[in-house]
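Below is one structure; the comments refer to it alone.
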Amino acid sequence: MKKLLFVLSILLIGLLAACGNDEVIKIGATSTPHAEVLEKAKPILEEEGITIEIEEYSDYFLPNLDLDEGAIDANYFQHIPFFEGETTDPDKAYDIVNLGGIHIEPIGIYSKGITSVDDIPEGTEVIISRNDADHLRVLELFEAEGLIKVADDIEDPLTLTQDDIVENPLNLQFLFGEVNPEFLIEAYENEENTLVAINVNYAIEGGLNPLDDPLLLEGEESDYVNIIAARSEDKDNEDLKKIVEVLQSEEIQNFIIEKYEGAVVPVGGNN
């Protein structure tokens, strides 16, 4: 009997130890839509034996640093050009990899006081965030509308200036990098007769409708796909691969379509 109790005790200790060692994968994400999408995926992942903890961020400049330093295991907040800038910048050179694309967030141009493209006054200021990877993206949006012409020989899209605009009949004044992305809504509220380029996640958080409110809106063909990133050493991690697989699944992609009604566009793993 004592021997049986001893064996059972050992088994119980082993079971408790196994439960105590269940790995929790910590994923950094901005709140809308990234954290919301991850919350939807949580129960599906739990059925696969994967537990995730979502660490929410309000800016774009810490999640890759925290990932590189091991504070989180993956992140979901950035598009591919931003990721590429973070990994090639010699001052950062984060050793991280793209595990797969999940969705696109079309960027829009908003104004508190200007109600249509035809009514944009000459000399209007355009506020763009200090996220360098979005600068050319915004200029291309204005160019597609025929409002400006961007130089064909831009060497570095991360160091754009007003001089890279070769045709600008309205003399629009592009303010590059003066505002953090999370403060774009504040700039929109406070600057009545300016144009503000706002990422869809901040637009939604600020109570704007990303489909109806912008004067200009990026199309679904955008190259700015939001991805899951991880450290290079974890590129073959099976749990992280399963997380990407679930986020690219029909169930989660349909959730994105239904919840955001076109303001966030799923890519189904095609990028």
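Heads up: the sequence shown is residues -18 to -1, 1 to 253, going by mature numbering (1 follows the signal peptide of the UniProt record, and there is no 0). By construction, the Cβ of each residue, glycine as well, lies at the ideal position given by its N, Cα and C atoms.
What are the residues that DSSP puts in a beta bridge with residue 230?
By DSSP's assignment, residue 230 forms no beta bridge with any residue.
Output the boundary residues of the beta strand (DSSP E) element that contains residue 84.
78 to 86
Three or more C-beta pairs closer than 8 Å, one from the region 112 to 128 and one from the region 233 to 249: is that the case here?
no
For the region 170 to 194, list the beta strand (DSSP E) runs that are entirely contained and at least 3 residues long, ordered along the chain.
177 to 180
Beta-carbon proximity list for residue 183, same chain, < 8 Å, skipping 5 on both sides:
12, 13, 14, 15, 16, 87
Contact the region 65 to 80 vs the region 190 to 197: 3+ CB pairs below 8 Å:
no
With a Cβ-Cβ cutoff of 8 Å, do residue 258 and residue 211 count as a contact?
Given a span of -18 to 253 for the chain in the structure shown, any question on residue 258 remains unanswerable.
Pick from 32, 21, 23: whose alpha carbon is nearest that of residue 7?
32
At what residues does the beta strand (DSSP E) containing residue 209 begin and finish?
207 to 213
What residues match up with residue 10 in a beta bridge as DSSP calls it?
37, 57
Thinking just about the alpha-carbon of each residue, which of 46, 60, 81 is nearest to the one in residue 181?
60
Terminal residues of the continuous beta strand (DSSP E) containing residue 90?
90 to 92
When you compare each of 178, 189, 187 to residue 117 by their alpha carbons, which one comes out closest?
178
Mind checking which residues open and close the alpha helix (DSSP H) that includes residue 124?
Note, residue 124: alpha helix (DSSP H), 117 to 126.
Would the region 196 to 207 and the region 133 to 147 be scored as touching if the rule is three or more Cβ pairs under 8 Å?
no
Does the distance from the CB of residue 233 to the CB of residue 34 come in under 8 Å?
no
How big is the Cα-Cα spacing for residue 142 and residue 30?
45 Å
Excluding sequence positions up to five away, which residues of its chain have a Cβ less than 7 Å from the Cβ of residue 162?
41, 111, 112
Run of the beta strand (DSSP E) containing residue 158, from where it starts to where it stops
Unbroken beta strand (DSSP E) run through residue 158: 155 to 161.
Are residue 22 and residue 237 closer than 8 Å when you measure CB to CB?
yes
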